[in-house]
Amino acid sequence: MSKSTSISRRARLWVMKQCPETYVKLSQAYNSRLWKRERRGLEGGVIPEGAPSVLFYSYYRCGSMFLSRALQKLAGANGLQHLDYCSYFVKVHPDQGSRLFDEATLARAFHPTGCHYGTLRRAYPIPSHELYRSVLLLRDPRDCLVSHYYSVRDSHTLNNRGNLEARREALRTDIDQWVLGKASEYAQDFEQFHNRLVGKPGVLFLRYEEMVTAFPDFLRKVVAHTGLDQDQEAVARILEEADFEVSGENLLAHKRSVKPGNHLKKLKPETVERLNGALAEVLELFAYR
1 MSKSTSISRR ARLWVMKQCP ETYVKLSQAY NSRLWKRERR GLEGGVIPEG
51 APSVLFYSYY RCGSMFLSRA LQKLAGANGL QHLDYCSYFV KVHPDQGSRL
101 FDEATLARAF HPTGCHYGTL RRAYPIPSHE LYRSVLLLRD PRDCLVSHYY
151 SVRDSHTLNN RGNLEARREA LRTDIDQWVL GKASEYAQDF EQFHNRLVGK
201 PGVLFLRYEE MVTAFPDFLR KVVAHTGLDQ DQEAVARILE EADFEVSGEN
251 LLAHKRSVKP GNHLKKLKPE TVERLNGALA EVLELFAYR
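Residue numbers for the sequence shown follow the numbering used here, so the first one is 1 and each next one is one higher.
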């Protein structure tokens, strides 16, 4: 991260902390003027051609931001258009995100060729899914929950009032209560990822833990599966820039901790036991038991 970027981030975090209501209003006003391609895509105005489209699925706090940026760079280098519908709804129309489960919207918004779609935060029922090259990145849901708590409480951008209310909830709730309260939601979403995507044609399932411990092999699998291999210099740059080291623990940083098993350090033993029970089926499905 450059010095100017670091200063800008600190300034943004300061404004979010001191004037959260104002930050939300400014953020929504700013974002309402952007996302033109996503607006067109949702109305069927993007009709691309070319290589098979790439779908990138991941959940919160699974390292999705890093891989999404890498895939976006590779997609551009390979002539694919990038569309991020989930971010569009979060930042512009947070009350309309359910449209991505609507059959008519999906038929207009997704095309099997010429695009990179991501990050997709749920296992949306996209038609003709087998025609796409899909990547699913997930993490031990217990570590996700811990990381998500600190992100919501301390560092996540306040894009809308829902995020602001979530921060206020996290600030008045300790981590053990919070993760147990969110466990059923996680279980449902992870089960849908498994039922709709894992083992299906055209889908590559990868683990966050592999990304942060063996990234070169991880990236090679992604590139080979997606076919985003026309610009090897772009691949080399991503490998060179990859950095999963975290010195200390900064609660205000987006990349706070990357260590697998962090839930064992942050949660009470009795909370871990209850969480294991609440997530038992998911842990079994994804071999995190």
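Ideal Cβ placement from N, Cα and C applies to all residues, glycine included.
message: Quick check on this structure: which residue in E240, V46 and P141 has the alpha carbon closest to the alpha carbon of A291?
response: The displayed coordinates of the chain run from 1 to 289. Any statement about residue 291 would go beyond what the structure contains.
message: Suppose you measure from the CA of E185 to the CA of R122; what does that come to, to the nearest Å?
response: As a working note, residue 185 is residue 185 in the sequence shown. As a working note, residue 122 is residue 122 in the sequence shown. Distance between E185 and R122, taken at the CA atoms: about 12 Å.
message: Taking the alpha-carbon of Q96 as reference, which of A51, E49, L42 and L83 has the nearest alpha-carbon?
response: Looking up residue 96 in the sequence shown gives position 96. When each option's Cα is compared against that of Q96, the closest is L42.
task: Please say whether L137 and L206 have beta carbons closer to each other than 8 Å?
output: Taking the sequence shown and counting its residues from 1, one reaches residue 206 at position 206. Taking the sequence shown and counting its residues from 1, one reaches residue 137 at position 137. The answer is yes: Cβ separation under 8 Å.
As assigned by DSSP and simplified to three states, the class of C62: Residue 62 sits at position 62 when you count from the first residue of the sequence shown. In the structure shown, C62 sits in coil (DSSP, three-state: anything other than H, G, I, E or B).
Option nearest I126 by Cα separation, candidates K200, V272 and E284: Within the sequence shown, residue 126 is the residue found at index 126, counting from 1. Measuring from the Cα of I126, the nearest candidate turns out to be K200.
message: Suppose the cutoff is 8 Å on Cβ atoms and the five residues either side in sequence are ignored; what does the same chain contact list for L197 look like?
response: Residue numbering aside, residue 197 sits at position 197 when the sequence shown is read from its first letter. Excluding residues up to 5 positions away in sequence, Y57, A123, S134, L136, V203 and F205 lie with their Cβ nearer than 8 Å to the Cβ of L197 in the same chain.
message: What residue range does the beta strand (DSSP E) around S27 cover?
response: Locating residue 27 in the sequence shown gives position 27, where the first residue counts as 1. Premise fails: S27 lies in the alpha helix (DSSP H), P20 to N31, not in any beta strand (DSSP E).
task: Look at the alpha carbon of K255 and the alpha carbon of H156, and state the distance between them as a whole number of angstroms.
output: Counted from its first residue, the sequence shown places residue 255 at position 255. Counted from its first residue, the sequence shown places residue 156 at position 156. With a pLDDT of only 46 at K255, under 50, the local geometry of the prediction cannot be trusted, and no value is derived from it.
- request: Put H156 into one of helix, strand or coil per three-state DSSP.
  value: As a first step, residue 156 is located in the sequence shown; it is residue number 156 there, counting from the start. Correct three-state label for H156: coil.
- prompt: Can at least three beta-carbon pairs, one atom from the stretch 175 to 184 and one from the stretch 205 to 225, be found at a separation below 8 Å?
  reply: no
query: Can you tell which of R108, C62 and A51 has the C-alpha that lies nearest to the C-alpha of Y132?
result: The sequence position of residue 132 within the sequence shown is 132, counting from 1. With distances taken between Cα atoms, Y132 lies closest to A51.
field: Environment of F286 [buried if 16+ CB atoms lie within 10 Å]
entry: Start at 1 with the first residue of the sequence shown, and residue 286 comes out as number 286. Buried is the call here.
- request: Name the two residues that bound the continuous beta strand (DSSP E) containing S134.
  value: If you number the sequence shown from 1, residue 134 lands on position 134. Note, S134: beta strand (DSSP E), R133 to L138.
message: Taking the alpha carbon of R40 as the reference point, which residue from Q230, R12, L83 and W14 has its own alpha carbon closest?
response: Counting from 1 along the sequence shown, the entry for residue 40 is found at position 40. Comparing Cα-Cα distances from R40 to each of Q230, R12, L83 and W14, the minimum goes to L83.
field: Best match in T113, R168 and R237 for proximity to S53 [C-alpha to C-alpha]
entry: Counted from its first residue, the sequence shown places residue 53 at position 53. Out of T113, R168 and R237, T113 has the C-alpha closest to the C-alpha of S53.
query: Starting from V203 and walking both ways along the alpha helix (DSSP H), at which residues does that stretch end?
result: Counting from 1 along the sequence shown, the entry for residue 203 is found at position 203. Where V203 is concerned, there is no enclosing alpha helix (DSSP H), although the beta strand (DSSP E) it sits in stretches over V203 to R207.
- prompt: Can you tell me where the alpha helix (DSSP H) with G181 in it begins and where it stops?
  reply: Mapped onto the sequence shown, residue 181 falls at position 181. Where G181 is concerned, the enclosing alpha helix (DSSP H) stretches over I175 to R196.
message: With distance defined between alpha-carbon atoms, name the residue in C115, V152 and L74 nearest to Y60.
response: As a first step, residue 60 is located in the sequence shown; it is residue number 60 there, counting from the start. The shortest Cα separation from Y60 among C115, V152 and L74 belongs to V152.
- prompt: Under a Cβ-count criterion, where at least 16 other Cβ atoms within 10 Å of its own Cβ denotes burial, should T22 be classed as buried or exposed?
  reply: In the sequence shown, the residue the question calls residue 22 occupies position 22. Answer is exposed; the Cβ neighbour count stays below 16.
- request: Report buried or exposed for P345, applying the criterion of at least 16 other Cβ atoms within 10 angstroms of its Cβ.
  value: Residue 345 cannot be examined here, being either before or after the span of the chain that is shown, 1 to 289.
- request: Measure how close the beta-carbons of G63 and R139 come, nearest whole angstrom, since I'm counting them as under 8 Å.
  value: Along the sequence shown, read from residue 1 onward, the residue named residue 63 stands at position 63. Along the sequence shown, read from residue 1 onward, the residue named residue 139 stands at position 139. Their Cβ separation, rounded to whole angstroms, is 7 Å, which keeps G63 and R139 in contact under 8 Å.
- request: Please go through the same chain and pick out, in chain order, the residues whose beta-carbon is closer than 7 Å to the beta-carbon of V282, but skip the five residues on each side of it.
  value: On the sequence shown, position 282 is the one that residue 282 refers to. Only P141, A187, F190 and E191 meet the Cβ criterion.
query: Which parts of the stretch 30 to 95 are runs of the alpha helix (DSSP H), unbroken and 4 residues or longer, counting only runs that do not cross its ends?
result: Fully enclosed alpha helix (DSSP H) runs of 4 or longer: 36 to 42, 64 to 77 and 85 to 91.
Same chain, Cβ closer than 7 Å to H148, neighbours up to 5 away in sequence not counted: The residue labelled residue 148 in the question sits at position 148 within the sequence shown. Once the five neighbours on either side are set aside, the close Cβ partners of H148 are Y60 and R61.
- request: Report the rounded CA-to-CA distance for A11 versus F89, giving the unit in angstroms.
  value: Looking up residue 11 in the sequence shown gives position 11. Looking up residue 89 in the sequence shown gives position 89. Cα-Cα distance, rounded: 25 Å.
field: CB contact flag (L264, V272, <8 Å)
entry: Numbered from 1 along the sequence shown, position 264 holds the residue referred to as residue 264. Numbered from 1 along the sequence shown, position 272 holds the residue referred to as residue 272. Yes, the pair counts as a contact, with Cβ atoms nearer than the cut-off.
- request: Measuring alpha carbon to alpha carbon, tell me which of H111, D176 and V235 ends up nearest N276.
  value: Walking along the sequence shown from the start, residue 276 turns up at place 276. Comparing Cα positions, the closest option is D176.
message: Output needed for G162: all residues of its chain with C-beta closer than 6 Å, excluding positions within five of it in sequence on either side, in chain order.
response: By 1-based counting over the sequence shown, the position of residue 162 is 162. So the qualifying residues of the chain are P94.
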